[in-house]
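In our numbering, the protein residues as written are 6 to 232.
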Amino acid sequence: MPVLDAIPLSLSSDDVGRALRIRPGGEESVQELLDFARPLLRPRALFRDAVIGRREEAAVEIGGRLFHSRVLVHNLAGTDLVFPFVLTVGGELEKAASAQGDLLRQYYLETIADMALNAAGEGLKKHIRGVFGLKKLGLMDPGSLEDWPLAEQAPLFSLLGDTESRLGVRLTDSLLMVPRKSISGILFPSEESFTSCRLCPRADCQGRRMDYEPGLRRSFGLEDEAP
Ligand code: SF4
């Protein structure tokens, strides 16, 4: 089971400045924030390939574990191979952020950590696409949709072995990841770039990777919620 270490991150000061809504020449310098944050980021991932077994209407067996999600079943209809993973940027930046007396600076650093996490996710996808000769990968993460609840972290982590010693990420009793700036999920070959964000109406999420599509949400039979 490979660990992908030191995933290259492309975090441009322009993108970060836009995300933080900091104007050039403003009081806070984007470059200074990035210079502070970069040495505290350690983007790395643990992943494996896993074969799909039994398929049911609302459950699918992956690597011998049963996962319960209609959306997952739908998304995996065209493939027999998937890539469960855990990815993190480590805990140093989140600790440094929470130690800041200035709440705005804390928010800036948290946002940079979220952007780094998304950039590392793209790095992991690029690596898997290259190794397995795939054009596109979709992503689903447990807990992001009511259709695939956080409880499914347990079988997902059991597919990946000792994530704490190999990656430095552990699952708490309440199924949250430590360090907090971590993502777990399943990558799968896909014609289109699916992420759960397309079905998630949450309006204030800093980690959003794709726009919300209410029509797509309805097509999966998920409860209609206002974004
Ligand atoms: S919008 Fe945020 S909460 Fe919703 S699926 Fe995407 S990352 Fe998760």
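Don't be surprised by glycine CBs; every beta carbon is placed ideally from N, CA and C. Bear in mind that the values here come from a model prediction, so they are computed numbers and not experimental data.
Item                                                                                                                                                      : Value
Pull the bridge partners of LEU142 from the DSSP assignment, please.                                                                                      : PRO194
Where do the ends of the beta strand (DSSP E) carrying ARG49 lie?                                                                                         : 49-52
Would you give the residue range spanned by the beta strand (DSSP E) that ARG70 belongs to?                                                               : 70-73
For the structure I just gave you, are there three or more beta carbon pairs, one from the segment 48-57 and one from the segment 82-91, closer than 8 Å? : yes
Please say whether ASP119 and GLY212 have beta carbons closer to each other than 8 Å?                                                                     : yes
May I ask which residues mark the beginning and end of the beta strand (DSSP E) holding VAL65?                                                            : 64-67
Quick one: using the 10 Å Cβ neighbour count with 16 as the cut-off for buried, is THR168 buried or exposed?                                              : buried
Assuming LEU144 and THR200 form a contact by the criterion Cβ under 8 Å, report the distance between their Cβ atoms to the nearest whole angstrom.        : 5 Å
Let's test the definition: count the other Cβ atoms within 10 Å of the Cβ of ARG222 and tell me whether it reaches 16, buried, or not, exposed.           : buried
Roughly how many angstroms lie between the CA atoms of ASP225 and PRO219, to the nearest whole one?                                                       : Looking at the sequence shown, residue 225 is not Asp but Phe. C-alpha separation (whole angstroms): 10 Å.
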